[in-house]
Each structure stands twice: as structure tokens, then as C-alpha cells.
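Undergrad: Have a look at this one before I ask anything.
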Amino acid sequence: MKILITGADGFIGSHLTETMIRAGYDVRAFVQYNSFNSWGWLDDSPEELQHSLDVFSGDIRDPHGVKEAVKECDAVLHLASLIAIPYSYHSPDTYVDTNIKGTLNVMQAAREQNVKKVVHTSTSEVYGTAQYVPIDENHPIQGQSPYAASKIGADQIALSFYRSFDLPVAVIRPFNTYGPRQSARAVIPTIITQLAAGKTDIKLGSIHPTRDFNYIDDTVTGFIHMMKHEASIGEVINIGSNYEVSIGDLVDYIVEVMDVSSLTIETEDQRIRPAKSEVERLWAANQKAKELIRWEPNYSGVEGLKRGLKQTADWFLQKQNLKNYRTERYNI
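First residue of the sequence shown? That's 1 in full-length UniProt numbering, and the numbers climb one at a time after it.
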């Protein structure tokens, strides 16, 4: 199969691209055009994988480029998105252009090219603060940030093409993915990079909210199962560990796996979301994924989380990786 992966240059996209090439798929990697001729995280891929890549440089907001990228592809895994929540407070308009209009471009192109499967990427943020736990796919959705609102709009655009035009669309809804290469705007890299830089007083936002963390390998496997199983068509499916942990307890686990003797947490105002925008609780129900696409996490529970955190910390502790992160700055 010829697979188009949008957002292939990003955190999840680069891992997914590498995994699918190793599995024997013919992958076209849609990366954001830039004058440096950079492929994002794919620049760090082994040379033999880079030689197997069909790279398409463009912009998901450009419908003409998206149509060219989709040509001759059997399936599209659509990950390209603006994801930073704090930046969505700063520049909400660009989230509409990228996340909603970009998704529309992908769906239009996939429909015109008779693509056999489209997997659209959602986010657990669309649920907002849990009204009941664990959160299943019937949970109400609530846009508590411009980012979440744009993803709700994108999800509905994708599903409307399934309902209106019978486009074979599946919506994957990963909970908080973490692992090597993740942006420092996310909480786990924020903690690890500050500790790796030798700091004993780390700066964080609120530490009472809870999250359901998904190690990158589990999220990647979720995408592949979504693509392969016909039962996912027309469905929204959570990909989560079914384990809830507070940010405060998460810090303790990271301290343990990194063997840090002591630290102090300093709450920094600029890292705190507006009160009505903070998602206080996320905890994924994953029964639907188990039943429909035969997926379940390998990094579940506290032991699975610690194993994933150890692998993540080991990657960040390598000097050539840590140098890509500016621990002295808050990254919105």
C-alpha cells in the first residue's frame, strides 16, 4: 500500500513514518515546507529509512499541494496539526486555518482520489474536563481552549465526509502521548529537560490535574490498527492507557526513574491555563479499541508508565538530543 502521512516531520508522525517503512509500507511523508530543506524529526532518521522515503514538502493549508500529495495513495494518515494549547490563546486564527481548513483539504483530496482509508487524528482535549470516568467515546465534547475547539471542528469535518460522501474515514483519539522527540511545550519533556540540565528547582504550571499518558509506541500501533481494520470506518476510537495520574505524582515517577535525589517545584504563572480553560481530569476508556481494532496498550498502569518514562528520559539524556531543547525558556 502507498500511504500518505501528513505531519510526518512531527513527534508522532516521525515515529509512525519510521515504523511503517520498517513494516514494508510505501510511505509518502508530507512535511511542512521550509527554506532550510529540513524534514523535521525525519532528519534524525537512519539513512536507510530516509532513502526509502517519498518526501512531499508543502503546507496542509494549501488545497492544491494537498491534492498533489494525495495522488496515487491508497490511504491517508492525517496527523498535520497545530497542537500547542498556550499558543492557541495567542494565535487562534492560525488554528482554524491549519486544523479545520487543513482537514477539509485532506478530506476533499481523499474523496477526489478515491482513497481507500483516511485516519484522522483527534485529541483527548476535545472532551474537556471529565464529566465521568473513564471517558468513553460517548462522553460530551467541550472546547475549553481554541486548540480544542479547532480539533472538534476538524473531527466533525472528517466525520461529515463519511456521512455525506461515504468516504472511508476513521477518527483516532489519542490521549496524552509522550516519548522521545516530544516538544518541550508538553509536561513530560518539560520536567525531564529541566532535570537533565541539572536544575533542582523546576518550573511547572498546575500539578493537580490528571492525565492518561500514552507511550509513543502504543500510539503508533493504534494508528496502524485503525488503518488496517475496516471496523474503524465511521467510528471515533480512544487510544489511551486506562490509567490516570496527577501531574504531581508524575513528577515523583520521573524523579524515581532519573534517580534524582531532590527537587523543588516552582509554580510559574505563565504556565497556568485560564481557570475555565484548564482540563482538570482525563482518563481514557479503551474497551472500544480492544473490541473493534484489536488494540491494547503495552505501557499500561504505573509500571508501564514508569517503563515509558525511563525510555523517554534515557533519550533526552543523550547530549545530541538534549541540545535541541532550550531548558531556560518557557515554550508556548
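Backbone N, C-alpha and C fix where the C-beta goes; we use that ideal spot for every residue, glycine too.
As the structure is a computational prediction, the values presented were derived from the model and not from experiment.
What ranges does the alpha helix (DSSP H) occupy inside the region 232-271, keeping only unbroken runs of at least 4 residues that lie completely in it?
TA: With a minimum length of 4 residues, the continuous alpha helix (DSSP H) runs that stay inside the region 232-271 are 247-258.
Undergrad: Do you know whose CA, among Gly248, Gly222, Ile202, lies nearest Arg211's CA?
TA: Gly248
Undergrad: In terms of residue numbering, what span does the beta strand (DSSP E) encompassing Ala275 cover?
TA: Premise fails: Ala275 is in no beta strand (DSSP E) and is neither H nor E.
Undergrad: Considering only the alpha carbon of each residue, which of Thr177, Arg273, Leu309 lies closest to Ile191?
TA: With distances taken between CA atoms, Ile191 lies nearest to Leu309 out of Thr177, Arg273, Leu309.
Undergrad: So for Val115, helix, strand or coil by DSSP?
TA: coil
Undergrad: If you draw a straight line from the alpha carbon of Trp315 to that of Arg163, how long is it in whole angstroms?
TA: 43 Å
Undergrad: Which stretch, first to last residue, makes up the alpha helix (DSSP H) that contains Ser150?
TA: 146-165
Undergrad: Keeping to the same chain, check which residues put their C-beta closer than 7 Å to that of Ala285; ignore five residues upstream and five downstream.
TA: Pro134, Ile135, Asp136, Asn238, Asn242
Undergrad: Quick check on Leu77: does DSSP put it in helix, strand or coil?
TA: strand
Undergrad: What is the residue span of the beta strand (DSSP E) that Ile3 lies within?
TA: 2-6
Undergrad: Could you please give the first and the last residue of the uninterrupted beta strand (DSSP E) stretch that includes Arg28?
TA: Taken as a continuous stretch (DSSP letters only), the beta strand (DSSP E) holding Arg28 covers 26-32.
Undergrad: Just the Cα atoms here: how many angstroms apart are Ala170 and Leu282?
TA: 22 Å
Undergrad: Which class does Gly301 belong to by DSSP, given the choice of helix, strand or coil?
TA: Assignment of Gly301 by DSSP, reduced to helix, strand and coil, places it in the helix class.
Undergrad: Spatial neighbours of residue 342 within its chain, please: C-beta separation below 7 Å, excluding the five flanking residues on both sides.
TA: Residue coverage of the chain in this structure runs from 1 to 332, which leaves residue 342 outside it and unanswerable.
Undergrad: What's the call for Asn105, buried or exposed, on a 16-neighbour Cβ count within 10 Å?
TA: buried
Undergrad: What's the gap between the Cα of Pro189 and the Cα of Ser183?
TA: 7 Å
Undergrad: Check whether the Cβ atoms of Val76 and Lys117 sit closer than 9 Å, and answer yes or no.
TA: Yes, Cβ-Cβ distance for Val76 and Lys117 is below 9 Å.
Undergrad: Comparing alpha-carbon positions, which option in Lys2, Ser81, Ser300, Val119 lies nearest Val230?
TA: Note that residue 230 is Glu in the sequence shown, not Val. Nearest of Lys2, Ser81, Ser300, Val119 to Glu230, Cα basis: Val119.
Undergrad: In this structure, does DSSP put Ala110 in helix, strand or coil?
TA: Residue state, collapsed to three classes: helix.
Undergrad: Measure the Cβ-Cβ separation of Thr121 and Leu79 and say whether it is below 9 Å.
TA: yes
Undergrad: Using 9 Å as the threshold, is the C-beta distance between Tyr87 and Ile332 below it?
TA: yes
Undergrad: So what does DSSP say about Tyr87, is it helix, strand or coil?
TA: helix
Undergrad: If we ignore side chains and look at the alpha-carbon of each, how far apart do residue 375 and Glu48 end up?
TA: Residue 375 lies beyond the range of the chain shown here (1 to 332); nothing can be said about it.
Undergrad: Taking 8 Å as the cut-off, does the region 88-104 touch the region 244-258 (at least 3 CB pairs, one atom from each stretch)?
TA: In short, these stretches do not touch, since the Cβ pair count stays below three.
Undergrad: Can you tell me whether Phe223 is helix, strand or coil according to DSSP?
TA: DSSP places Phe223 in the helix class (H, G or I) of the three-state scheme.
Undergrad: Using a 10 Å radius around the Cβ and a threshold of 16 neighbouring Cβ atoms, would you call Phe223 buried or exposed?
TA: Phe223 is buried by the Cβ-count criterion.
Undergrad: Report the three-state DSSP secondary structure of Thr98 (helix, strand or coil).
TA: In the structure shown, Thr98 falls within a helical segment according to DSSP collapsed to helix, strand and coil.
Undergrad: Using a Cβ-Cβ cutoff of less than 6 Å, which residues in the same chain neighbour Ala197 once the five nearest sequence positions on both sides are dropped?
TA: Thr327
Undergrad: Could you give the distance in angstroms between the alpha-carbon of Leu263 and the alpha-carbon of Asp59?
TA: 42 Å
Undergrad: For Leu53, which option in Arg22, Lys151, Gly65, Gln131 has the closest C-alpha, if you only look at C-alpha atoms?
TA: Arg22
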